[in-house]
Each structure stands twice: as structure tokens, then as C-alpha cells.
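A quick write-up on the structure given underneath.
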Amino acid sequence: MADHIAVRTLPLTGFHGGSSAVRLEAAAPAERISLRVRAEDVAALSGPLGIDLPVKPKTSSSDNGRTALWLGPDEWLVIAEGGSDVGNSLMQAAKNSGALHSAADVSHRNTAILVSGQGAAAAINAGCPQDLSLKAFPVGACSRTVLGKVEIVLLRTAEEAFRVEVWRSFSDYAFGLLAEGAQDAAV
Amino acid sequence: MLLIHCPYCEEDRSELEFRWAGEAHIARPENIAAISDEEFAEYFFLRNNEKGLTYERWRHIHGCGRFFNAARDTVSDRFLTTYKAGLPKQVLPETGASEKTVETYEATEGDAR
Amino acid sequence: MRRYSVFAVAREAMRAHKGWEAQWSSPEPRSAYDVIIVGAGGHGLGAAYYLAKEHGITNVAVIEKGWLGGGNTGRNTTIIRSNYLYEESMDIYEHSLKLWEGLSQDLNYNVMYSPRGVMMLSHNTHDMQSFKRHINANRLYGIDNEWLTPEEAKAYVPVLDIAKTARYPINGAALQRRGGTARHDAVAWGYARAASDRGVHIIQNCEVTGIRRGPNGEVLGVETSKGFIGAKKIGVSAAGHSSVVMEMAGVRVPLHSTPLQALVSEPLKPIFPCVVMSNTVHAYISQSDKGELVIGAGTDQYNSYSQTGGLQIITHTLDAICELFPIFRRVKMMRQWGGITDNTPDRSPIQGVTPVPGLFVNCGWGTGGFKATPGSANLFAHLIARGEPHRLAAGLTLDRFRTGRLIDEAAAAAVAH
Amino acid sequence: MSASSNSGAYRIKGAGRLTPARTARFTFDGKSYTALEGDTVASALLAHGVHLLGRSFKYHRPRGILSAGPEEPNALIDVSRDAARRQPNVRATVQEVFDGAKIASQNRWPSLKFDVGAINNLFSPFFAAGFYYKTFMWPREAWVKVYEPFIRRAAGLGVAPTEEDPDHYASRYAHCDVLIAGAGVAGLTAALSAAATGQSVFLVDEQPQVGGALHYDAATTIDGQNGYDWAQRTAAKLRAMPNVTVLTRTTVFGYYNHGFLGLVERVTDHVAKPGKDLPRERLWQVRAKRVVLATGSIERHMVFANNDRPGIMLASAARTFLNHHGVAVGRQVGVYTAHDSAYEAAFDLKRAGVSIAAIVDNRPDPSEALLAEARALGISVLSGHAVTDTGGRLRTSSMTVARNGGGDARKIAVDALIVSAGWTPSVHLFSQSRGKLRFDEANQRFLPDIYAQDCVSIGACNGTDDLAELIGEAIAAGGGSVALSGENRFEWTGGMIGAAEGAGPDTTVKAFVDFQHDVTAKDIRLAVREGMHSIEHIKRFTTNGMASDQGKLSNMHGLAIAAEMLDRPIPKVGLTTFRAPYTPVTYGTLVGHSRGELFDPARKTPMHALETAEGAEFEDVGNWKRAWYYPKRGEDMLAAVNRECRTVREVAGVFNGSTLGKIEVVGPDAAEFLNLLYTNAWGNLKPGKSRYGIMTREDGFVYDDGVVGRLAEDRFHVTTTTGGAPRVLHHMEDYLQTEFPHLRVWLTSTTEQWAVIAVQGPKAREIIEPFVEGVDLSNEAFPHMSVAECSVMGAPARLFRVSFTGELGYEINVPADYGPAVWKAIWERAEPMGACLYGTETMHVLRAEKGYIIVGQDTDGTVTPDDAGLAWAVSSKKPDFVGIRGLKRPDLVREGRKQLVGLLTKDPNVVLEEGGQIVVDPNQPKPMTMLGHVTSAYWSENCGRSIALALVAGGRARMGETLYVPLADRTIEVEVTDMVFFDKQGGRIHG
């Protein structure tokens, strides 16, 4: 039933905001898995995923369009940019490892907001209590944390650029708060 | 707003990322189905509620997600240490409600006779 | 005791108020008393008063670590109501409310009990179900509590925003008209004065450091910073510090002590006519006679005896206040503070005998102890005098945590779906 | 007329730092005035000779400007930009004038000059401290009806805003190595020192410019420069450094745990036309590794008879108005002091051309250096004298001066009287940080002693008076090294606390200690006389220090008067509490961004827009917006729900179940884990099957429920209630991490991964069939309680054969982004078949018709599985599960517990009230014995009558019994039944 192939409706469609100091945009859809692995099996997963799972807190690693974010001692968020519209290559890759792990497809659970510009950190600090100075939160640093009244995963992709991963039903709120933060960061 | 050292993230983070999870080192009885009503009440309800050094659990719920243990002075709210779940109770000198900690703002008040 | 009256005040006005006597005496402790009450808050002082007044026991000391009324009695937001759900709760809070109604006259001290109404806002279907459950139970128990439509609620509190577009629109409210507020300090002082007048010793700045026990485990008295003081019976009414005091007798109680925060605004001309509470958005507000908006904030999540707490508790509460009452956004917070509440697993108090002969406990009032002051004190006096609980407090025993017969007011308000 | 002259007759040419050409117009009580940019409302009005600004709280006495800063107790004004932008209780000494400002006085009626409330002053002998505790008790009702309303109207200061504030507020978290509170000489020096080390520094000051005391102290030089100029240059230098943030107009209002500080930055209150993007105020929440307190000190007033008249002010305030604003506070100024600092104020005024009536110094032997300077300037000094009274109604016109010890009184005409009783170190933030103070006996002041946090006090707030010493202390506090020298003209000594000459215990004069609350020295003595011996009792009884200035001026005086009365040393009497905030903070600022849509996140499902387009009404369930019902044109809620209920059972309905919590439980020990967390047994559940599960906590009460599907040996798809999802996951994680860490299993929240479309009703299969690939939907292949991974419209899907309606039903889970497309396609197919969309209300009715419970509605945290009729879901074979022991406690197994049953009203058309209480005898006297309550009650269109569920004591033994539900206006007769009202045999579910 070709006429019945479902099309995706992305959260944050039509959202735009920012200020002279901060650019806010919805990230493109991506594949994501929540990956849980015991320390002894980390290496076994890294190969099939094509990326070294970082083992140092608050760090990420990135390769071939895939990024693995350390979220906890046995937990990673793995994001693959682009990826297929149906099916999840990361799930398959993890499965192929044969190692003991848990992978759950969360591609649609999360969405992401890209925050960039000289006021990016200040905009995020409108609701995030972490120290986002480059010293404390260098490029590549990542952390699950809070933004106002919701939980986010924050990844610094460049000195003045962050990726804010957020559950889809909280994304309106997160975007709205970041928009206000962006406005204030430009003052 | 407390500043809490997460032993898994190896960093101090804002209390906003954490959830308090009650007194630490209360193990669920192995033979829970067989214990008496008194023992159950003791396990489930009775708490030390220390004034002074307390051992408690926190979860870095909006961080790494891990439960861990902390030793804190409930008078000064100062953390003495935090350590990973499963580790034995970290023995620390009893601080009590000592002179060094100021219990309340009113500690500067004198005697009322 | 010199009676207070408008005539007495007028007479004193003529002579620069030089004739007033101390409201309570500050004696040195005797070597022993029939009864010692630990904690000179409203509950403890009141219990001493009722011991003297209703049970003829006047050889009583109330021992206080700091200054009388300086604990939660002097730190709360003074809400008074009795529209609880369970019979055990209704019994004690309604007993209390009835005593409030005549308390100023009974004590000859104006405690400014002001039945201006306590309104609880309903924001969704679950609130409505829960409130109606309360209202029906209250009515059949003889306690006033009524359902209001949003429009009726607005008529009672004109500054209420009942727009359907609000984030959590108001779909009705429960109102207890006899609920209200009182002047917290006056309650402590009024009881202290009346108890002192009946011969009760109020010993301030005297910290209890131990409870001495006899060969059969029975209490013999208390060790204090002023030395040992003997007693046949000891009543512990130490609010947030109950665990600490009970531990001295080797009794563990199911409590955890957490800071509860509150704040007041700068004084304003009358704008807010009653008490409004919203459990859904966590807002509790009234206006004092001085004109301050008195706002109850939340508790910090952790055990603490510090009487301080995090700023986020305050901001969270003000979010809700300003959402319900947007006109208050430009009002200013003048003072914030915290008190230590002693919370039980079922959020209902413990009043009863303990495993230690002669030791009685009154604790666990959590965030709601002020409203219970006269009733709790009155029944605690009965317990101490008779050695067994009054019918109205019979369900508040420690034993309920063994049997599972909890009085779970909090669970009864469980979030649905 | 030149700009400078119309900015006020008391403006002194050449004095001050404001620019004469830059003016702003404002009104005060309707009258228009010209100010200079940089004026406060106070300085601008003083420039026009206006001293009367307000009325006191209790006696409604005329009051003027006492200070030039945030400690101001008297000059509280109402400031508005427009009708909605109005703020009461603003300090005139802090509010900067902006063009177009509308300023009004407060607490007066009908006017400031003629205030009816001032009659209270006449009755003031009656209104002694605490008088209200002693009267107004008779008759009993009169307190509420007469006395209290009267008191309330008289009390209160400003009038609350009446419109919603259109301004917005910002909020920001920040971190730094060192936060320095106060940018006077000490703070600036510490900042230079700290900045030099490369640390990140926040330097914060409440005034528009840095400089602190240098605003008034024109005689101090730093590094050979005028002190104020040095301060501005230093600030500019600091601002240019990348590691320094300088915030002015910013108050550190709170010092909380672990180096956490609350700051409020006033962004636009001084601007005539603020940009729309600008927040009015910004809340900074700063975590500082270290804090340097350089908060200075506050001058005290003298406590003497009638010390509160407009025109009486602090000497340093007069000096600020002169040296900073270029305003003379009078033309014939008296000075009353116990401290050297007032001399310098007199000298400055005199040099500016103001006549000084006399310096009245209560000390017998002021320093020779000061006396010499006074002589040189032609100022007469009356040492060993006191001001024992003042005259004037709305403005002070005279001071009565007498030699200490009495006699020789004479009246001296003055139009202003400046006073100083010395300086109180500002230890507010130190105390908030929970540091402990000590009493400095020599100087009669409290100083920081024991620190509770990583913090240091420097300068005046630390009692460091000597400039060189202060600079050294500041450099050390900053941790770096800076070369700096400073010089001031006079050493300051002196000071007193307590009542001055003529206001002692033997007098009845009104010598004000706390201006705003009208607390006099004799009120404090009365409190002591009445047995209030703790300083907290005295504070509360008299309300001393409880006004909006929080005792910044009054606390020390009050304490000294109490100590004298108690005949005890001051440290034995103690000091009242310093609580946050240091100065009042606007609610809106504390709220920050959390208003409107950002107050609390409104969670919407992927299909929200489609539901809205179909006309859905929504209800709040936790944070979620759920479609409640779908009214068609002309339908009310009941009609819509009746139609939906009927349609689902006759044809089918489509329901959005996306908000249900979902947890992916994965790992070889997944089944064992679920065995421990649910009451049911899971080992025998085959992959491809699902089961309804009950979760209890250790106490044995129902905590949550939901359908759990097994997708593979090691993978379960667990569902929870909508509101329960986060706490259930937390609860599971708790057990997994801390009690059962040996289990190889992991939990992931997938609530939002899946959009859930439930299709329920006889035609459900027919509706979904064309969209589903990879699963045989026949009854045989895919019976009730099956689950399969498949493809729906090309999307990877999880399909459950499950029913919460008692009909044939399916729940299609597709990745959330596909939800709208699948929903739309299904609805496009279903609608022509006669199906409907249905919301939560219909879901509730349909499940009640089948006796399915809703946790949280039919249970309330005190209900066991057995109470709810779910004993079958509690495994009796498992050796352990969470709740196994709690369930067996005596009260949980006793006879007569409340059990969930059905209720049918005798009159089928009457719908019970949810929350209605149930009794055996409706005519019994109150308090009645209640058996339980109605948990669910609906009109059931499918049954053609009302139905209800209820918790009833011993309910299952009461089948067929008649009971009563007394409501406010009627009593409803009911019969106890079982819980299934529709399709009792349950055949329909198997389709």
C-alpha cells in the first residue's frame, strides 16, 4: 500500500528564534540509541558501532557522523546524523556486537536544538545551572542536566555551539526558554 | 541550593540535578518475607534522622542517573564525603552539632531568662 | 494574673504603661516536677496549660532549649483548618478548630484567630474528585467545607485569575469558611502567660541533654544544661527535634526532619481576603494583619536541622503564586525563612505512649502543626494526665507503623492516572 | 531659567557630580518637578526643598528622607511608568529618576499633608507595643467583623498593583572563582588583586556607580587621586578584563549554602524608555568558589525625642546629597552626633555655603583636630550637649539643645537636622552565610568571627576603619598583589547605641528606634517589662526591625535599649536574625522566565495538532495535555461522551494513548527483575505475549499498573500510568542499582519514542488491517494479549492486542514522528466506517463499564491489590517481590477493609458524585460512620443507566445490600454490586 507510507512530522517544526548573539535552530532528524554496557564490554561495542565509547565522565567521542556521549558509568547516548528514515542502523550495529548490552531506540524520543553564537552559553545558562565556561565545559564535553524545569543532554560542539537534546514533548518549552535566554544574552 | 559531588561524574553539581533518596545503608532484609511485623516496621519506617553526621543516599537523577551515598552534617548541611553505591559506610569522625557549626541564624542570640 | 481588657489598656495608657507585669515568670527550675514537657512551642505550652486547667496538675515544667515559641510556632504561615479526610484527622483538627474559636477568651489573650476562610483550588478532574471526597466526608462528620464554582471562588477572592487559558485553569474550589489564620506568637505567649499564671514553670535556654531512666526503664527525669531535673512523667513535644530527644530515651520514631520555607512580602493595603492553597501548583498564600502577603513555600528535599534552605524552593513557589495571581508579579519579597518540620511516613502526627514507661510523645505534625496547636495540646495533656490517649487521639499511636493502619492523608491526595 | 536652577532651589552650583544640562521630568503626588539625570527621587525632591515623603505605619506621622541608600525606612514611594507598571514600597533613596516617572506617596488619606490616619498619633498612648494582644476580644465576633478590618486598613503601606505586570524578567546562572559584594575602596581593591591572578571575578554593587562610601566621602584620596574618580577609573579597568564581570545596580540579596548567591540586577528602572528586549530586572544565581564581603557599614540615627520629623536625616546622607547630587538638605542645618563622621558632613555643607546652626556632640571631648577645623570654618560646637526635642509639623523647624544632665535648654531654629550615632558594619550577608558574630565591646558593634563558608569580610563590614589597613586587607583577600595607597583627612572615632540623653527609661517621649513601624525606645522597655527577655521576643512583640528595611538602622539601638533595661551585657542579649533578602526582591525577578508558557512545561503528544483540528477539548493530566472529548457542533460534554461511548462499542473508536509511560526493560535477567518489582509472575510469559501487571511498594499498597509485553526473552515493553511514569522508573532504578545490582538488566524510558494509537471496537481489526504488515491479525494467530513487532505504514511498529474497553482492541506503537501520519490514515479509514475519535472521558466510562480500575482514582495509596479485587495478580508462588511482606501486615489482612465494588443507584437516571461518602444509615447523627466513598461514577450510555465504583468497608460481603450516599442537597440510595456492568461474560474482547 504505497499510498500508506507514513511521513514524519518533526517536533519543533516551524520554531525559530534567537537574537543578534545567539542562533537557535532545530536539528535535523537523527538516529539515536540509549546504550547500556558494562565496563568489561565497552570495547566489544565500540568496534561494531564504529566509534570509541568514551569512558571519562562528561566526555564524548565523534567519528563518521556518529557521536557517543558519556551519560553515566554504563550509559551512552549514541547519535548518528542523517541515517535511514526507517530502521536504526545503530540498533543493528549494537546487536551485531554479540556482547552483553542494552540498546533502546530513542531516535524519536529526543529531538535537538542547536544553539550557537557568542551568547550561546549565556542563553543556555538562563536555565541550566552548570558552569559552561570553556575551562569547565570544553568543546566535546557533554552532560545530562536540567534546563529550567526540564531535563536535557547538553553537548558542546564548538566553542560557541551546543547541541541540546531534549525529549520531544519538552522541546517547545526548551526552545521557548532558550529563545528568552538568547534574547537576554544579546542585551 | 546545595553543591553535591557526584562520585560517578567526579564533579560538583547543583542540587537541581539530584534527588535525595533517604537514609543510606539500610539493606532490604534477605529474608524479607519471613521477618516479623516489628522488624518490617523497623526496616521500612524507622530512621535515625540524625542531627549532625548523617549517611544518606542521593541519586544524580538529572545527571548520570546513579544512586550514591553521602555523609553530611545536617546542622551545617556540609558534605563530608560522597561515595559510590555498594561501598561500605565510610567511617568519619562524629561532627555532631558541634560549636564549629552554626545551627541557625539565631545562634547569635543570647540567653533569654 | 492581671486581666487584659480595653479598660486595662486605657488605664495603663494614662501612666505610660508602667504598670504591666511580666506575662510569664522565669523561675529557676525546681529539683523535680510531676510532669516535664520538653519543648516550649504552642503544643508544649498548651499541654502544660491544659494539664493545669483541666487535670489539676500544676507542678509542671516546660523546658525549652531556646526561647519560647521560637520553633515552628513562630515560623509558620498560620493556616488553620480542619477539612481533613480521615476520621482520625478530622477528630483532632476539628477539636482544635473548636478550641481556636474560643481561645482568645479562654486565655484572655487576643490570638487574633481570624476565620476568613481557607480555599483550596481545584485545577483538574482529579482535584475535583479528591476535594468532593473531602467535602462529603467533612459534611457527614459535621465539619464545614463546601464546593465553589470558579465564579464563586472569584467572588470570594477577587484577585483570583479564573481564565480558562491559564496553564492550570481553576475548575472549582473547596472552601472552609471557619478556616483562617491566627497570630502565631500570640498563641505561644498566650499559653505561656496562662500556664505561668497557673503555676507552670517555663524554663527557657535550658537544653535537655539526656533522659534518665530507672531500674524498670521508667523515666526519672531529664539531664539538662541546668542540671538534672526529676519528673514522674515526661512529654516530648519538640517538633523537628523530636527524633533527637526521643533518641535520648532509646526510642526511635519514624520521622524525618526537613526545612520548610516561607516568605513574606512588604506590607500592602488589604488585597487578599482569605487563605488560598493550591496543591497542584504548590502555592499557599494569605495576607497578615500587618499587610504582608504570607506565602508558604515547599520543603527542601533532604533531612536538615539548619532552618535554611535553597533559593529554588522560593522561586518555585513564586512561579506558582504569580501564575495564579499575576498582579503580584511586581510585589517584593521582604523576608524568607525556614523551620524544621518533623514528618512521618503517612504525614499524620504521632501522639501516644511509648515503650518507655512515663514517656509520652507528641510529634510528626509535619507542615501542619500550627492549626492543631490547641487540640493537640489539649489531648496531649489528657494523655499525660491519664496515661492513655483521649478517644479523639486514639488513632495517632506509634503502633500504627507496625500494624499498617496508617492515616495517609498524603496518599489520599495521590496523583491520578 | 537655566537647567540647573529649575532642577531645584537647593541645588548648589558646582557641587555634586551630576550634569546640570541633563534633566528629567517627573511628578510627585501629581506635581511636576525637574531632576537631573543621576538623581534619586530623594535627591531630586530635596533639591526642590521637599522633605515630606510619606506617613509612618502605625501613627501616620509625617516622615521624610532619613538616608541616601537602601537602608531607608521612611521614604517609601509608589513608582509608576504606566497603569500596569506600578510598584509600591520603593525606596525614594534608591529609585533613580527617569523622565516621565510618576511618583506617589503612600499610607495617607486624603493627602500627604492632611492625613486622617494621623489621628492615631493622638491615641498613641493607647497603641503601645502589643496592645492588640490585650484587647479586641469582646464580643467574640467583633475581632473578625470590626477590629481586624480596621487594623488591616490602617496597616499595610503601599497599594498592591492591580494589573498584570507587562514587563519581563530574565534569569541566569553563573559561576566564578571570587564574588566580591560591594565595590567601595575595599571591594575594588580586592577585585584588582583577584583579577590580577587570573581568577574569574564578579564584582557587584547595588549603586549605579561603584565607589561606595566615596560617594559622600569627598576627602579621601587613593593613589593621589580623588577617591571617587579613582573608583570609576578602576571599574573601567576591571570591566576591560576578560576574567572580570562588574555588575552595578545589582544587589547581592542572599548568601545561601555552598557558595550560592542570589543577585538582582536592576536593568531598566532608571531608563525613561527601555528597549522592549530588555528585562526589567535580571536574577543572577551565582555559584562562587570564594566570596569576599566588602559591604561597608551603615550609619545609625540618634534616638531622641521626636527624632523622626522630615528634615532629620543621617549625616552621611546629607553628605551624599551634597557631594554626589549637588543638593543641600537645608539652609540652616543642625548637627547632632555621637561620632566624628558628622563633623565632616558639617564641614562640607559649610564650605558649600550652607549655614550650620551648631554641631551638638553628646561627647564631652571631641577630637582637637575636628574642633580646630570647626573653628576655622566658623561652626560652633556644643560638646557634652544633646538634642532633647525637635519642633515643626510637616518639616523640622527647630531643635532643642540642652547640656547633658539637663538644664540650659534652648531652641535653635533649623530647617534640617543631620545626625550620626556611628556606624553599624553590614554583616547581613556574612550572617546569611551562617557565620558567627562576636561583639566588639570597644566599638559597640558586631563583627564577623567564625566563618561557615569560604568567605572573607574586608573593610568597614569587618570593622576595619583605617584606610591603609583596609587596603592591605583587600589586597590579601583578592589573593594577588597590587600597589595602592590611600589617605583620608580625619580619623573617625565615637559612636553610641541606645537611647540618647533625654530619652531614657525615666521619660515618656517618643524617641524612635524603628521609624517605619513606629517603635520607640519606650516600646522596647515595655516589652522587657512584660517579660520579653529574648531579643527575638522583643523584636516580635514590638515589631522592631520587622519593617521593610529589616532593622538596618534599628536593630543595634533596640538591642542596646533592651540590654540596659535587662541590665545585661549586649552579647548576652544577642542579636536578631539577618535573613535573606538583604533588600526586598521583586517576585517577578525571582520567577524570571517561569511565566506563561514557561511556567510549567505543557507536554503535548505527536498528534496534538490533529486532535486540536478535530475539535478536541483537552484536560491536564500531570504535565500532559490529553484529549478529553471531541464535541461535535452543538454537543455538550455529556452528549459527546455518550456518542463516543456508544460508537466505540457499536463500531470502533480511535484513541491517543501516547502519554502512557513506557519503559524498555532489557537484559538476560529482565524477567527476574520484573518478578521482583511486580506482584505477578513473569517467567512463564512467552515472547509475543503481554500481561497486566500490578506494582506495589514494600508497604503492599498498589503503586502502579500497566500492561507488560514480552518482545523477546531478554526484552520487555513495560507500560505505566501516565502520571506514574517518572516515579515508577525511579523506583525501579532504585531497586536495580541498590538492592539487585547483580541482575543483568537495564531500563530505558521510551515513553516518548512511541506514539500510541489505540483502535477499539468491533471493527478495530478491519480498520487497522490494511496498514499492518508482518503480523497475522486473525484471532487465532494474534489473540487477546498478544504483542508483535511489525511494520505499520512502513514504519517499525509494536502492535499490542489489548483492550481497556472490553472490546476487540489494538494499540499501535509507532516511532513518534510517524504518529500523525498513521493517526491520520487510520482516522481517514475509520471515519467513513462510522467510527469515532474518543478522549479520556470516554475511555474512563468504557473501562468502568468493564470494572477496570484506574490507579490513583479507584485506588489512593491505601489500597491493596486484594482491596481492588486484584488478588489474582499477586503471585502466591514467588519467594520474593517488593511488597510481599508489607501485604501481610495485620491491618492489611484484617476483616472489614475497604474493598472496591460496583454501585448501582436505585434510580438509574441518577449519577453519583465522585467523592460521595457511603453510609448505612443516612439519618444517623453527625459525625456519621462512613463506609467508604464513590471513586468513579458515570452515565453509561451503553448500559442505559448510571454506574459507579466505590471503596466500601467489607464491600464484597455486601453484595445486594442497600446503602446511601448523602450529598449536600439529597441522599442517593444505592445497591452494592459486582464491578462489571457491561458484557459480564467478557466475550467481546475476544472479537
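Chains as they are written, first to last, in numbering that gives the first Met the number 0: chain A, 0 to 186; chain B, 0 to 112; chain C, 0 to 416; chain D, 0 to 990. Positions of the beta carbon are idealized from the N, C-alpha and C atoms, including for glycine. This structure is a prediction, so every number in the text was calculated from the model and none was measured.
{"Asked": "For A:Phe174: DSSP bridge partner residues", "Found": "In DSSP, A:Phe174 forms no bridge with anything."}
{"Asked": "Listed by chain order, chain D residues near B:Asp36 by CB distance under 7 angstroms", "Found": "Arg888, Pro889"}
{"Asked": "Residues that DSSP places opposite D:Ile569 in a beta bridge", "Found": "Note: D:Ile569 sits in no beta bridge, so no partner."}
{"Asked": "Residue range of the unbroken alpha helix (DSSP H) whose run includes D:Ser939", "Found": "Looking at the DSSP string, D:Ser939 is not in any alpha helix (DSSP H); the run it does join, the beta strand (DSSP E), is 931 to 939."}
{"Asked": "C-alpha gap between D:Thr658 and D:Ala83, whole angstroms", "Found": "40 angstroms"}
{"Asked": "Ordered list of alpha helix (DSSP H) runs contained in the stretch 350 to 375 of chain C, each at least 4 residues", "Found": "none"}
{"Asked": "Short CB-CB distance (under 8 angstroms) between C:Gly394 and chain E", "Found": "Here chain E cannot be found, since the structure's protein chains are A, B, C and D."}
{"Asked": "Endpoints, beta strand (DSSP E) assigned at A:Val41", "Found": "Run containing A:Val41: none in the beta strand (DSSP E); it sits in the alpha helix (DSSP H), 41 to 48."}
{"Asked": "Whole-angstrom distance between D:Met136 and C:Phe6, CA atom to CA atom", "Found": "12 angstroms"}
{"Asked": "Member of D:Gly708, D:Leu950, D:Asn106 whose CA lies at the smallest distance from the CA of D:Thr858", "Found": "D:Leu950"}
{"Asked": "Range covered by the beta strand (DSSP E) that runs through C:Asp299", "Found": "Here C:Asp299 belongs to no beta strand (DSSP E), and DSSP marks it neither H nor E."}
{"Asked": "Beta strand (DSSP E) segment containing C:His133, residue limits", "Found": "That residue, C:His133, is in no beta strand (DSSP E); its alpha helix (DSSP H) goes 124 to 140."}
{"Asked": "Proximal residues to D:Ala351 (C-beta, below 8 angstroms), its chain only, five neighbours per side dropped", "Found": "Ile11, Ala14, Leu321, Ala327"}
{"Asked": "Own chain partners of D:Ala169 with C-beta closer than 6 angstroms, once the 5 adjacent residues on each side are dropped", "Found": "Pro278, Arg281"}
{"Asked": "Helix, strand or coil at D:Ile496 [DSSP, three-state]", "Found": "coil"}
{"Asked": "Where D:Pro605 falls, given that 16 or more other Cβ within 10 Å makes a residue buried", "Found": "buried"}
{"Asked": "Span of the alpha helix (DSSP H) around D:Asn641", "Found": "636 to 649"}
{"Asked": "Under 8 angstroms by beta carbon: chain D residues contacting B:Phe43", "Found": "Glu697, Asp698, Gly885"}
{"Asked": "C:Gly101 beta carbon less than 8 angstroms from that of C:Gly179", "Found": "no"}
{"Asked": "Proximity below 8 angstroms, CB of D:Val933 to CB of D:Leu962", "Found": "no"}
{"Asked": "Beta-carbon neighbours of A:Thr144, restricted to chain B and to distances below 7 angstroms", "Found": "Glu16, His61, Gly62"}
{"Asked": "Inter-residue Cα distance where the pair is D:Pro309 and C:Leu50", "Found": "53 angstroms"}
{"Asked": "Within-8 angstroms CB hit, B:Tyr82 to chain A", "Found": "no"}
{"Asked": "Start-to-end residues for the alpha helix (DSSP H) that takes in B:Lys83", "Found": "Unbroken run through B:Lys83 is the beta strand (DSSP E), 78 to 83; no alpha helix (DSSP H)."}
{"Asked": "Chain-ordered chain A contacts of B:Arg56 [CB-CB under 8 angstroms]", "Found": "Going along chain A, no residue has its Cβ under 8 angstroms from B:Arg56, so there is no contact; the nearest lies around 16 angstroms."}
{"Asked": "Separation of D:Val200 from A:Ala103, as counted between CA atoms", "Found": "44 angstroms"}
{"Asked": "B:Arg112 - DSSP class collapsed to helix/strand/coil", "Found": "For B:Arg112, the pLDDT reaches just 31, beneath the cut-off of 50, and the residue's location in the model is therefore unreliable, leaving the point undetermined."}
{"Asked": "D:Arg152 versus C:Leu317, C:Asp299, C:Asn342, C:Gln286, residue with shortest Cα-Cα distance", "Found": "C:Gln286"}
{"Asked": "Contained alpha helix (DSSP H) runs [length at least 4] in the stretch 147 to 215 of chain D, N- to C-terminal order", "Found": "147 to 153, 184 to 195"}
{"Asked": "Pair within 8 angstroms by beta-carbon distance, D:Ala345 and D:Ile297", "Found": "no"}
{"Asked": "Residues sharing a beta bridge with D:Leu948, DSSP", "Found": "D:Gly901, D:Ser935"}
{"Asked": "D:Leu742 and D:Asp668 closer than 8 angstroms at C-beta", "Found": "yes"}
{"Asked": "For D:Pro864, three-class secondary structure by DSSP", "Found": "coil"}
{"Asked": "Assigned exposure category for D:Ile102 - 16 Cβ within 10 Å defines buried", "Found": "buried"}
{"Asked": "Within 8 angstroms, strictly: CB atoms of C:Thr372 and C:Gly41", "Found": "yes"}
{"Asked": "Counterpart residues of D:Cys835 in DSSP-defined beta bridges", "Found": "D:Gly652"}
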